[in-house]
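*Asks:* Below is a structure I'd like to ask you about.
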Amino acid sequence: MEFNSELYFITDSTGYELEEFLARVEDALKGGVTMLQLREKQKTTRAYMELAGKVHQICRDYKVPLIIDDRVDVMLAIGAEGVHLGAEDMPLWIARKLIGPDKILGATAKTVEAAKSAYEAGADYLGVGAIFPTTTKVKTVLTSLETLDAICKAVPIPVNAIGGLHAENLDVLNGIDIAGVCAVSGIMHAESPRKAAEKMRKRFRGLKNETSEYFEIGNHGNVCSNWRSNFTDSSYRRYVSDGASY
Ligand code: TZP
Ligand code: MG
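Position one of the sequence shown corresponds to residue 12 (our numbering), numbered consecutively onward.
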């Protein structure tokens, strides 16, 4: 499955009525979000599934893949495009067995060793952070830019930076071979999620100052359409010309 992690919006429904939450999600998609993660920590399985189904419908309208945080069962039940797992969730290799080769498997990694293990266990992309302190409820520690850079160099799958990121502070990521940036509050709680997303994507693109030329192929054939890395191993890279890949 193809994905583009350039602007990865991670939702937080805490404190919003359903309608307002869904309206904010859609507004963000209008602003150019390329990938969306539904992240729910308090909901029952039933409530998580119901919300995921609604968000999935909106994502489909914008052709944006929906990734479910933590829960392989919820992802499979609603037919979402992928699942994101951390160190306390189901082991990645088991998740990969359950979801098959075509679903997107994301993993959190905070060290080079964890990044390599996640790649070897079947992850298609990594979320690395927190880069800046975050106001979002999460068990995390700060990850240095040096570690982020080392992770990008250590694995041939796309790496996204996460944690306290918004349009105004992306410059620190300059020169690091990330595929994209993740944001919860920078988009979710912005006065205008659409404008926040637009600005963040524009800034990220400015930072990268490049267009897509390569598809990188993860362990399982899931491809990231916006990213090119320093890896030259041809088993991971297909050159893309005129929309055709070979
Ligand atoms: N993992 C590391 S930091 C973080 C997660 C889930 C939260 C990011 O939220 P925000 O609001 O973009 O800082
Ligand atoms: Mg998790």
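Every residue gets a Cβ at the ideal spot worked out from N, C-alpha and C, and that includes glycine.
1. Once the 5 residues before and after Tyr59 are set aside, which same chain residues still bring their CB inside 6 Å of it?
2. DSSP three-state label for Ala126, please.
3. So the beta strand (DSSP E) Gly93 belongs to, where does it begin and stop?
4. Are at least three pairs of beta-carbons, each pair with one atom in the region 138-145 and one in the region 178-198, less than 8 Å apart?
5. Would Pro4 and Asp38 be called neighbours here (beta carbons separated by less than 7 Å)?
6. Nearest to Ala207 by alpha carbon, out of Gly138, Ala194 and Ile78?
7. Closer than 6 Å to a non-hydrogen atom of the ligand MG - does that hold for the CB of Gly97?
8. Relative to the C-alpha of Val123, which candidate in Leu137, Glu202, Gln48 and Gly133 has its C-alpha closest?
9. Using the rule of at least 16 other Cβ atoms within 10 Å of the residue's Cβ for burial, across every protein chain shown, is Ile79 buried or exposed?
10. Within the present structure, is the beta-carbon of Ile189 separated from the nearest heavy atom of the ligand TZP by less than 6 Å?
11. Using 7 Å as the threshold, is the C-beta distance between Val66 and Val36 below it?
12. Is Ile168 near Tyr130, with beta carbons less than 7 Å apart?
13. Kindly examine the ligand TZP and report whether one of its heavy atoms sits closer than 6 Å to the Cβ of Ser155.
14. Return yes when at least one heavy atom of the ligand TZP lies under 6 Å from the C-beta of Ile173, else no.
15. Distance check for Asn171 and Glu17, CA to CA, integer angstroms please.
16. What do you reckon, is the C-beta of Asp81 under 6 Å from a heavy atom of the ligand MG?
17. Where does the unbroken alpha helix (DSSP H) through Leu29 begin, and where does it stop?
18. Does the ligand TZP have even one heavy atom less than 6 Å from the beta-carbon of Ala125?
19. Cβ-heavy atom distance between Ser24 and the ligand TZP below 6 Å?
20. With a Cβ-Cβ cutoff of 7 Å, do Gly90 and Ile115 count as a contact?
21. For a test of the three-state rule: what should DSSP assign to Tyr136, helix, strand or coil?
*Replies:* Result, derived from the coordinates:
1. Glu51 and Val85
2. helix
3. Gly93 to Leu96
4. yes
5. What is shown of the chain runs 12 to 257, which leaves residue 4 out entirely.
6. Ala194
7. yes
8. Leu137
9. buried
10. no
11. yes
12. yes
13. no
14. yes
15. 8 Å
16. yes
17. Leu29 to Lys41
18. no
19. no
20. no
21. strand
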